[in-house]
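Notes follow the structure.
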């Protein structure tokens, strides 16, 4: 709930760890934070891409005094975060990591009921392992580190950032393996936002969630190879942003002090429709927006569901559609 308090996430001289930072939004965010003076630790599976990312981050850095490090790890593996955090703290001279941004994610679009148990449930479990459990394990490990009694007191908050999706605000047919993982992540983030208040006096921590939409990234290219035609039709008018644009808008929202960070007007409209128990970025604007969207959503759903029915009427039973997986 910043907006009036200046930069709520200064990074100059601080150490930032990002998962999923070897491509797309994560890579762009790492470069932009380095340009603002941050020391950066990037985490991903592919060592070659991590090395390329480090070279790009160094080229974007604000000064030659900054330091950069990569850690090869698979966020889907149980207990991966313990070794990553230990490695990061040791590299950082046994000093705390100031900001952790969980960006790593994946999506496997499909018409869920048209796939076998092995395919549909296997994809769902894999998406949950990467998108939810990867972030949840990192959050638990770093919060245990930050919230230890002996870690405080400190005045400037540590910061954990989750990356959800606008699909955690409004579902789209074809994303059944993916959307629940982002709803779960949103629920975890909003709950932790309350829990960390217990430690605020001595060990303050901020929790934020970024909700990007369509990003023109390698991940989108992989998705589109198997994405159902109805999904492509429903999202054809979505604003498509580059990884650099999404990272820039996300960082601006985080530095305003937003908890619920969207990166486009469409994201704001979706956010206003489902605020629920999440902290408000701006109480006046968000209350008015939520009031407006309670009426607008009637027409959005009428149009959206009508589009799906028309597609089904035109193209017949989904069992007849050409397989993309």
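Numbering (the UniProt record's numbering), first residue to last: 1 to 325. All residues carry an ideal CB built from backbone N, CA and C; glycine is no exception.
Kindly list the residues whose CB is nearer than 8 Å to the CB of residue 8, restricted to its own chain and excluding five residues on each side of it in sequence; keep chain order.
These residues qualify, in order along the chain: 2, 206, 254, 255, 256, 257.
Beta-carbon within less than 7 Å of residue 361's beta-carbon, same chain only, minus the 5 sequence neighbours each way: which residues are those?
Within the shown structure, residues of the chain are numbered from 1 to 325, placing residue 361 beyond reach of any answer.
Close Cβ partners of residue 164 (< 6 Å) along its chain, the five nearest in sequence each way excluded:
Within the same chain, 182, 185, 186, 209, 211 come within 6 Å of residue 164 by CB-CB distance, once the 5 residues on both sides are set aside.
Residues bridged to residue 110 (per DSSP):
Bridge pairing for residue 110: 175 [DSSP].
Counted within 10 angstroms of its Cβ, other Cβ atoms place residue 306 as buried (16 or more) or exposed
Exposed, because fewer than 16 other Cβ atoms sit within 10 Å of the Cβ of residue 306.
N-terminal and C-terminal residue of the beta strand (DSSP E) that residue 19 is part of
Per DSSP, residue 19 belongs to the beta strand (DSSP E) from 15-19.
Applying the 10 Å Cβ sphere with the 16-neighbour rule, what's the burial state of residue 14?
Counting Cβ neighbours within 10 Å, residue 14 comes out buried, since at least 16 surround it.
Ends of the beta strand (DSSP E) at residue 41?
Bounds of the beta strand (DSSP E) holding residue 41 are 39-44.
Once DSSP output is grouped into helix, strand and coil, what is the label at residue 269?
Residue state for residue 269 is assigned as helix, using DSSP reduced to three classes.
Could you tell me the distance, in whole angstroms, from the CA atom of residue 64 to the CA atom of residue 39?
Rounded to the nearest angstrom, the two C-alpha atoms are 11 Å apart.
Work out the CA separation of residue 189 and residue 328 for me, nearest whole Å.
In this structure the chain extends from 1 to 325, so residue 328 is not present and cannot be described.
Name the one or two DSSP bridge partners that residue 71 has.
Paired residues: 43.
Complete runs of the alpha helix (DSSP H) confined to the segment 150-232 [at least 4 residues]:
Segments of the alpha helix (DSSP H) lying fully in the segment 150-232: 179-195, 218-224.
Length of the line joining the Cα atoms of residue 198 and residue 276
So the two alpha carbons sit approximately 21 Å from each other.
Cα-Cα separation, residue 60 to residue 90:
The straight-line gap from Cα to Cα measures roughly 24 Å.
Check whether the segment 99-110 and the segment 134-149 are in contact - that is, three or more C-beta pairs closer than 8 Å.
A contact exists between the segment 99-110 and the segment 134-149.
Just mark residue 66 as buried or exposed, buried being the case when its beta carbon has 16 or more other beta carbons within 10 Å.
By the Cβ neighbour-count rule, residue 66 is buried, with 16 or more other Cβ atoms within 10 Å of its own.
Have a look at residue 227 and residue 247 and give me their C-alpha separation to the nearest angstrom.
One C-alpha to the other measures close to 24 Å.
Hey, is the segment 212-223 in contact with the segment 14-27, meaning 3+ C-beta pairs nearer than 8 Å?
Yes, they touch.
Residue of 111, 47, 269 minimising C-alpha distance to residue 291:
Residue 269 is the option with its Cα nearest to residue 291.
Buried or exposed for residue 327, please, with buried defined as at least 16 other CB atoms from any protein chain shown within 10 angstroms of its CB.
In the structure as shown, the chain begins at 1 and stops at 325. Residue 327 is therefore absent and cannot be evaluated.
Identify the residues that DSSP records as bridge partners of residue 101: which are they?
The secondary-structure analysis by DSSP pairs residue 101 across a beta bridge with 18, 161.
For residue 260: DSSP bridge partner residues:
BP columns for residue 260 point to 209.
Counting only the same chain and skipping the five closest in sequence on each side, list residues whose C-beta sits under 6 Å from that of residue 54.
These residues qualify, in order along the chain: 68, 70.
Tell me which same chain residues have a C-beta within less than 7 Å of the C-beta of residue 286, skipping the five on either side of it?
So the list reads 272, 275, 280, once near-sequence residues are dropped.
Own chain partners of residue 36 with C-beta closer than 7 Å, once the 5 adjacent residues on each side are dropped
Excluding its 5 nearest sequence neighbours in each direction, residue 36 has C-beta neighbours in its own chain below 7 Å: 11, 12, 62, listed in chain order.
Along the chain, where does the alpha helix (DSSP H) that runs through residue 311 open and close?
Looking at the DSSP string, the run of the alpha helix (DSSP H) that includes residue 311 is 283-315.
Is the beta carbon of residue 41 closer than 8 Å to that of residue 77?
Result no, Cβ atoms of residue 77 and residue 41 do not sit closer than 8 Å.
For residue 236, which three-state DSSP category applies?
Coil at residue 236, not helix or strand.
Could you pull out every residue in the same chain whose Cβ sits closer than 6 Å to the Cβ of residue 34, ignoring the five residues on either side in sequence?
Closer than 6 Å at Cβ, skipping near neighbours: 40, 57, 60, 61.
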